[in-house]
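To start, the structure itself, in structure tokens.
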Amino acid sequence: MKIVILNGSPKGMTSVTMQYILFLKKKLPQHEFAILDVCQEIKKLEDDQQAFQEVLSSVAASDGVLWAFPLYYMLVHAHYKRFIELLFARGGAGAFKDKYTAVLTTSIHFFDHTAHDYINGICDDLGMKFVGSYSAAMDDLLKEQERDRLLLFADDFFHAIQDGVATPKRFRPVVYDAFAYDPGLPATKVDTFGKNIVIVSDADDPSGNLAKMVAQLQACFQGQATVVNLHQINIKGGCLGCCQCGLDNVCVYKDVDDVYGVYRKLMVADAVILAGSVQDRYWSSRWKLFFDRGFFMNHVPIFAGKQMGCLVAGPLGQLATLRQVLEGYVETQQANLVGIVTDECASSQELDRLLDGFAGRLIDYAAAGYIRPPTFVSVAARKLFRDEIWAELRFLFRQDHRYYKSHGLYDFPRRSLKRRIVDAAFTVCLMIPPFRWDRA
Numbered sequence: 001m002k003i004v005i006l007n008g009s010p011k012g013m014t015s016v017t018m019q020y021i022l023f024l025k026k027k028l029p030q031h032e033f034a035i036l037d038v039c040q041e042i043k044k045l046e047d048d049q050q051a052f053q054e055v056l057s058s059v060a061a062s063d064g065v066l067w068a069f070p071l072y073y074m075l076v077h078a079h080y081k082r083f084i085e086l087l088f089a090r091g092g093a094g095a096f097k098d099k100y101t102a103v104l105t106t107s108i109h110f111f112d113h114t115a116h117d118y119i120n121g122i123c124d125d126l127g128m129k130f131v132g133s134y135s136a137a138m139d140d141l142l143k144e145q146e147r148d149r150l151l152l153f154a155d156d157f158f159h160a161i162q163d164g165v166a167t168p169k170r171f172r173p174v175v176y177d178a179f180a181y182d183p184g185l186p187a188t189k190v191d192t193f194g195k196n197i198v199i200v201s202d203a204d205d206p207s208g209n210l211a212k213m214v215a216q217l218q219a220c221f222q223g224q225a226t227v228v229n230l231h232q233i234n235i236k237g238g239c240l241g242c243c244q245c246g247l248d249n250v251c252v253y254k255d256v257d258d259v260y261g262v263y264r265k266l267m268v269a270d271a272v273i274l275a276g277s278v279q280d281r282y283w284s285s286r287w288k289l290f291f292d293r294g295f296f297m298n299h300v301p302i303f304a305g306k307q308m309g310c311l312v313a314g315p316l317g318q319l320a321t322l323r324q325v326l327e328g329y330v331e332t333q334q335a336n337l338v339g340i341v342t343d344e345c346a347s348s349q350e351l352d353r354l355l356d357g358f359a360g361r362l363i364d365y366a367a368a369g370y371i372r373p374p375t376f377v378s379v380a381a382r383k384l385f386r387d388e389i390w391a392e393l394r395f396l397f398r399q400d401h402r403y404y405k406s407h408g409l410y411d412f413p414r415r416s417l418k419r420r421i422v423d424a425a426f427t428v429c430l431m432i433p434p435f436r437w438d439r440a
């Protein structure tokens, strides 16, 4: 069989993910693996129509497609997202229709489920036959048991293709007819009391709903609310995955473009609002580019203690995965999610009221310093990062280690002598029948 591998790493063949593919290629020589570096070569695919067509031709001639990528901020790399946008914009879906497909990712298992669900939804939109997904830790290839499990996954994929196995659709097509938002005057002007508010937006059409929502929210404040438009700042490129920032929290791009400066501005703000338009079950690849480049602070919660919110133009109500990503991003940043306002409401008047209410709550929460208590999302994330940095990644992410150590985040269980003594005492007591509770 011929299997096309869509490589989603900016590192190309040197990525950890591709080592898993090369392992499969070595163990399964009876199958042909055609590896396409669509992430690394995204500029060429954007500019060279023939090169893009060659990718489609290779997919069309294949028996199956494997989406293989490392996770980047709960999803795929920005360039992979851009490739997906090109597929739909250039009518490339036909090459993928009815192809059997699966997903293979490498990560530390932080929001790998949202990345898998996103690609599953894209595959359903492309009319593909989704067999399953495989989430590998970065060092699984070094373990015999995990290598055997990977081979079983591949075997299941190949048998599904060979046997023509029927596969269910998990995600319904997204249907959305947006109304044209016509904002009125804000009901009141909310005094910001000197709070520094920054709105980051990817609105590229000044007459579109998102641009109008951003302008309306800005007008709700009696005081300055700065707007940063991602289409108006210079972004030289996407995250390289080099991890050099782990040593000093300085991106290799640093001052060659505007991203570093914008993040520095956000880090001193009191409130940050993220505004984006739905595109292919997520926000734009421009937004993803900005998110990815924020990794120069690694696993440090750069928005801790801030008020945050989201403005969404598009059918967020039909995209549970996108909502998970937005809510998860804010909570794992240890910020307070004031709310998410979308243009899915029934009228311009209702959207005006939603934005008015959002502005008021934002300032009230900021004045009170209110942060919602953590849920499983951020508790699990904190413990995952804590364990990984301490045990495996400390040598690389030196700034993470310093931050976690200085902020008491290395709070492993049973570190307290007092707690250990109490536990030991109760253990002994519960071995004595009179101390046990009445079971009657």
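Note that the sequence shown covers residues 1 to 440 in the working numbering.
The C-beta atom is built at its ideal place from N, Cα and C for all residues, glycine as well.
Fair warning: this is a prediction, and the values are worked out from it, not measured in the lab.
Per the Cβ contact rule, the segment 98 to 105 is in contact with the segment 65 to 73 (3 or more Cβ pairs under 8 Å). According to the DSSP assignment, G246 belongs to the alpha helix (DSSP H) that extends over C245 to D248.
Runs of the beta strand (DSSP E) lying entirely within the segment 230 to 294, each at least 3 residues long, are 271 to 277 in chain order.
Residue burial is scored here from C-beta neighbours: R281 has at least 16 other C-beta atoms within 10 angstroms and is therefore classed as buried. Counting along the chain, the unbroken alpha helix (DSSP H) around E46 starts and ends at I42 to D47. By the criterion of a C-beta distance shorter than 7 Å, H231 is surrounded in its chain by D202, D204 and R286, once the five residues flanking it on both sides are discounted.
Of the residues assessed, A304 falls on the exposed side of the cut-off, its CB having fewer than 16 other CB atoms within 10 angstroms. Annotation: A380 to D112 spans about 13 Å, alpha carbon to alpha carbon. Membership of C310 in the beta strand (DSSP E) is indicated by the continuous run Q307 to A313. Burial state of L311 is buried, judged by a 10 Å Cβ sphere holding 16 or more other Cβ atoms. Take L274, set aside five residues on each side of it, and the residues of its chain with a beta-carbon closer than 6 Å to its own are V200 and C310, in chain order.
In the DSSP assignment, V65 falls within the beta strand (DSSP E) that extends over G64 to P70. Look at G317 here: in three-state DSSP terms it is helix. Taking A78 as the centre and dropping the five residues before and after it, the same chain places the C-beta of G238, S285, K288, L289 and D292 closer than 6 Å to its C-beta, in chain order. Of all alpha-carbon atoms in T321, C245 and Q19, the one lying nearest the alpha-carbon of H401 is that of C245. Ranked by Cα distance from A391, the options P373, S378, G408 and F412 are led by F412. In this structure, DSSP gives E32 an extended state, which the three-state scheme calls strand. Residue pairing by DSSP places F221 opposite V190 in a beta bridge. Burial is judged here by how many other beta carbons sit within 10 angstroms of a residue's own beta carbon; V278 has at least 16 and is buried. The DSSP-derived three-state label of L185 is coil.
With fewer than 16 other Cβ atoms from the protein chains shown falling within 10 Å of its own Cβ, Q224 counts as exposed. Put simply, the backbone Cα of Q399 is about 7 Å away from that of N249. In terms of Cα proximity to N196, the closest of R420, S15, D148 and A367 is A367. The criterion of a C-beta distance shorter than 9 Å is satisfied by M308 and V272. Q40 and G12 do touch by the CB rule: their CB atoms are close to 4 Å apart, below 8 Å. Look at the beta carbons and you see the segment 139 to 147 not touching the segment 113 to 127: under three pairs across the two are nearer than 8 Å. Within the same chain, Cβ atoms closer than 7 Å to the Cβ of V214 are found at I199, S201, A203, V227, A275 and L311, the five residues on either side in sequence being excluded. Looking at N298, R382 and G314, the one whose alpha-carbon comes closest to that of G328 is R382. I233 and K254 have their C-alpha atoms spaced approximately 14 Å apart. The three-state secondary structure of F83, taken from DSSP, is helix. By the C-beta density criterion, S62 is buried, having at least 16 other C-beta atoms within 10 angstroms. Distances from the alpha-carbon of I119 to those of S348, P374, A34 and V76 put V76 closest. Between A346 and the set A178, A359 and K189, the nearest pair of CA atoms involves A178.
Under DSSP, K418 takes part in no beta bridge, so it has no partner.
Shown here, V38 sits in coil according to DSSP, grouped into three states, outside any helix or strand.
Rounded to the nearest whole angstrom, the CA to CA distance from S107 to E32 is 26 Å.
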